[in-house]
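Take 31 as the starting number for the sequence shown in the numbering used here and just add one per residue.
For every residue, glycine included, the Cβ atom is placed at its ideal position computed from N, Cα and C.
Below is one structure, written out as structure tokens, with a few remarks after it.
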Amino acid sequence: MLMSRLFVAGSAVLICILSGCGGEQSATASPDTAAPLAISDLLASADIKRGQTMFFQCRACHSLEEGGMNKVGPNLYGVFGRKAGLVPGFVFTDALKNTDVVWTVEAMDGWLARPSDFLPGNRMVFVGVKDARERANLIAYLQQETGANNLLPDSD
31 MLMSRLFVAG SAVLICILSG CGGEQSATAS PDTAAPLAIS DLLASADIKR
81 GQTMFFQCRA CHSLEEGGMN KVGPNLYGVF GRKAGLVPGF VFTDALKNTD
131 VVWTVEAMDG WLARPSDFLP GNRMVFVGVK DARERANLIA YLQQETGANN
181 LLPDSD
């Protein structure tokens, strides 16, 4: 019994000593706590080819070509700069018809992160893209393919 108590007491002391061995906390933020980069910063180094690959699954519901047909989702040609819910011939939910959202790169970034959080009441069956860099890749591809080349960051 005495040995058990000594073992427990010794373990507790050892834990207390070792808990102080972690070193000082860094004054700089770790990658997990660093402030996220703005979508405009991420677009400057976006991988359009990766965005094209990502869009492959989106093609089941969306077309990109000028005059392309609406599918389960609306045609996306000309989406940037357009008010949400205004594609001719597509039946939008009230949430999209009644919103004041204009499709900027920032709005598209929020939408692609998680459509159900960005605009509750929409019917897009897509959970979203968690990684901001991947969203930037997809947005850069969408800009290129939907007639929004003038919105791409300068490549000086």
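Residues sharing a beta bridge with residue i, DSSP
i, result
"Val132", "Lys113"
Rounded distance between the beta-carbons of residue j and residue i, thought under 8 Å
i, j, result
"Thr129", "Gly115", "7 Å"
"Gly158", "Val132", "Going by Cβ atoms, the distance from Gly158 to Val132 rounds to 20 Å, so no, they are not a contact pair."
"Asn167", "Met84", "6 Å"
"Asn100", "Gly119", "6 Å"
"Arg165", "Ala143", "6 Å"
"Gly108", "Met154", "About 19 Å separates the two Cβ atoms, so there is no contact after all."
"Arg163", "Leu72", "6 Å"
"Ile69", "Asp139", "4 Å"
The alpha helix (DSSP H) enclosing residue i, as first and last residue numbers
i, result
"Ser146", "145-148"
"Leu166", "For clarity, residue 166 is Ala in the given sequence; the question names Leu instead. Looking at the DSSP string, the run of the alpha helix (DSSP H) that includes Ala166 is 162-175."
"Leu126", "124-127"
"Asp236", "The displayed coordinates of the chain run from 31 to 186. Any statement about residue 236 would go beyond what the structure contains."
"Gln82", "78-85"
is_contact[residue i, chain D] using C-beta, thresh 7 Å
i, result
"Lys79", "Of the protein chains in this structure there is only one, and it is not chain D."
Would you check if the region 79-95 and the region 116-130 touch, i.e. whether three or more CB-CB distances between them fall below 8 Å?
no
Could you tell me whether the region 68-78 touches the region 95-107, where touching means 3 or more Cβ pairs closer than 8 Å?
no
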